[in-house]
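Asker: This is the structure, below, for whatever I ask next.
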Amino acid sequence: MDASLISISMCSLRKFLGKFHFYTLLFIPATFGGAFCALFPKRVKHLQHTAIFQALIESLLLHLNPLSKLLASSVSLQTVIFMVCSAVILEGKQRKWYNGFWFLTPDAPTDPDVPPQRKSCSHSELDCGLYIVRGIRNYLIIGLALDVFRYLVSSSKLNQWSLSHLNFQSTAWLGCYVGLYRAVHCYLQSIPIVNESLKHPFAGCLGGLSYFFYPKLTILSYALLEAIRTLSSKNHKTGESKKNRFGWSDLLFPLSLAYLIHNYVMEEQRVSALSGVIIDSTTANYARNISKRIARLQ
Ligand SMILES: [Zn+2]
């Protein structure tokens, strides 16, 4: 749908202006095409917005300005940002500010009516150790499924089935993430002097340390997107946001899509590899074909 709308806009502009210009070749047609996405069903729109906004953040992180250069080269800085995002997202999910996908499900909130001296963990397991071990086991299985799936997809694409390509990074990361988060949260529940409202965000933040062992800009850009969404949902009144069919994201989406497609064709190195895959699927390979034609003309 996006692809056909973009190509119709391209041809119309070409007819109207007499020839292709730098920005009327892709940027303006892609903005027009992307604007129609606002009319799609909410779920489809949410998926498209997630893919494009995440690709945009990741591509911006790859830019060569000093700030993104520093961020892209410093795993410690990335980890700090991920820790903050992790705290915001897990807190937002626990308080039901926002219900987007996140790798971890937060612990249930503790009963606010129980006095702080008698507060205990909200999990059903009697032993905290068992709760932590169960969490690690479950998330190791999820991570393993993800790693095997990625191995199967990349191997079938390259038609190379060597087991040396199979790595267990997601498995290790998810196990470490849930282990740290649950251990810190359970430990803090046993300390009554720590402020109740800080315990959960602090656990979410320390859980984010796991990023240090598995640094991926794709994960960081997704975390940034979800943290922004969580904070903006918090500031909206729930009833109001449910009623609103259109929001700021409908305005930002066409511009982000246009920016990515334009740069993908004109300066491919400015967009990430994942952005390339997303743009190809959004435009039914149209952008890639135009890019090839331009390369042939040069
Ligand atoms: Zn516990």
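Residues in the sequence shown are numbered consecutively from 1, following the UniProt record's numbering.
Positions of the beta carbon are idealized from the N, C-alpha and C atoms, including for glycine.
1. Please report the straight-line C-alpha distance between N235 and V194, rounded to a whole angstrom.
2. Listed by chain order, which residues have C-beta atoms less than 5 Å from any heavy atom of ligand 1?
3. What are the complete alpha helix (DSSP H) segments, minimum 4 residues, inside the segment 177-232?
4. For L198, count neighbouring C-beta atoms within 10 Å of its own C-beta (all shown protein chains included) and say buried if the count is 16 or more, exposed if not.
5. Tell me whether the segment 252-262 and the segment 133-142 touch, counting them as touching only if at least three CB pairs, one residue from each stretch, are closer than 8 Å.
6. Between the segment 35-44 and the segment 206-219, do at least 3 Cβ pairs fall closer than 8 Å?
7. For S221 versus L61, is the C-beta distance shorter than 8 Å?
8. Taking 8 Å as the threshold (C-beta atoms), are Y177 and residue 302 in contact?
9. Just tell me which of F168, T31 and T105 has its CA closest to the CA of S4.
10. Is it true that the segment 223-231 meets the segment 86-94, where meeting means three or more beta-carbon pairs spaced less than 8 Å apart?
11. Pick helix, strand or coil for S154, following the three-state DSSP scheme.
12. What did DSSP end up calling H236 once you bin it into helix, strand or coil?
13. Run through DSSP, which three-state label would T110 get?
14. With distances taken between CB atoms, is the gap from V184 to A203 smaller than 8 Å?
15. For L225 versus I57, is the C-beta distance shorter than 8 Å?
16. If you reduce the DSSP assignment to three classes, tell me which class W161 lands in.
17. Determine the contact status of S12 and G33, defining contact as a CB-CB distance below 8 Å.
18. Return the residue from the list T79, F16, F27 and L17 that minimises the CA-CA distance to F290.
Answerer: Here's the rundown:
1. Here residue 235 is taken as the residue at index 235 of the sequence shown, counted from 1. Here residue 194 is taken as the residue at index 194 of the sequence shown, counted from 1. Using only the alpha carbons, I get a separation of about 26 Å.
2. Residues with a Cβ closer than 5 Å to any heavy atom of ligand 1, in chain order: C121, C128 and C186.
3. Taking only runs of at least 4 residues, the alpha helix (DSSP H) segments lying wholly in the segment 177-232 are 196-207.
4. Taking the first residue of the sequence shown as position 1, residue 198 is located at position 198. With fewer than 16 Cβ atoms within 10 Å of its Cβ, L198 is classed as exposed.
5. Fewer than three pairs of CB atoms, one per stretch, sit closer than 8 Å, so the segment 252-262 makes no contact with the segment 133-142.
6. Verdict: no, contact absent.
7. As a working mapping, residue 221 is identified with position 221 in the sequence shown. As a working mapping, residue 61 is identified with position 61 in the sequence shown. Their beta carbons are under 8 Å apart, which means S221 touches L61 by this criterion.
8. Beyond the ends of the chain as shown, which are 1 and 298, falls residue 302; an answer cannot be given.
9. Translated into positions along the sequence shown, residue 4 becomes position 4. Per the Cα distances, T31.
10. Taking 8 Å as the limit for Cβ pairs, the verdict is that the segment 86-94 does touch the segment 223-231.
11. Taking the sequence shown and counting its residues from 1, the one referred to as residue 154 is at position 154. Looking at S154 - three-state DSSP - the assignment turns out to be helix.
12. Translated into positions along the sequence shown, residue 236 becomes position 236. Coil at H236, not helix or strand.
13. Stepping through the sequence shown from its first residue, residue 110 is reached at position 110. Assignment of T110 by DSSP, reduced to helix, strand and coil, places it in the coil class.
14. Numbered from 1 along the sequence shown, position 184 holds the residue referred to as residue 184. Numbered from 1 along the sequence shown, position 203 holds the residue referred to as residue 203. Their beta carbons are under 8 Å apart, which means V184 touches A203 by this criterion.
15. As a first step, residue 225 is located in the sequence shown; it is residue number 225 there, counting from the start. As a first step, residue 57 is located in the sequence shown; it is residue number 57 there, counting from the start. The answer is yes: Cβ separation under 8 Å.
16. Locating residue 161 in the sequence shown gives position 161, counting from the first residue. Coil.
17. In the sequence shown, residue 12 corresponds to position 12, counting from 1. In the sequence shown, residue 33 corresponds to position 33, counting from 1. Judged by beta-carbon spacing, G33 lies beyond the 8 Å limit of S12, meaning their Cβ atoms are not closer than that value.
18. By 1-based counting over the sequence shown, the position of residue 290 is 290. Note that residue 290 is Ile in the sequence shown here, rather than Phe. Residue F27 is the option with its Cα nearest to I290.
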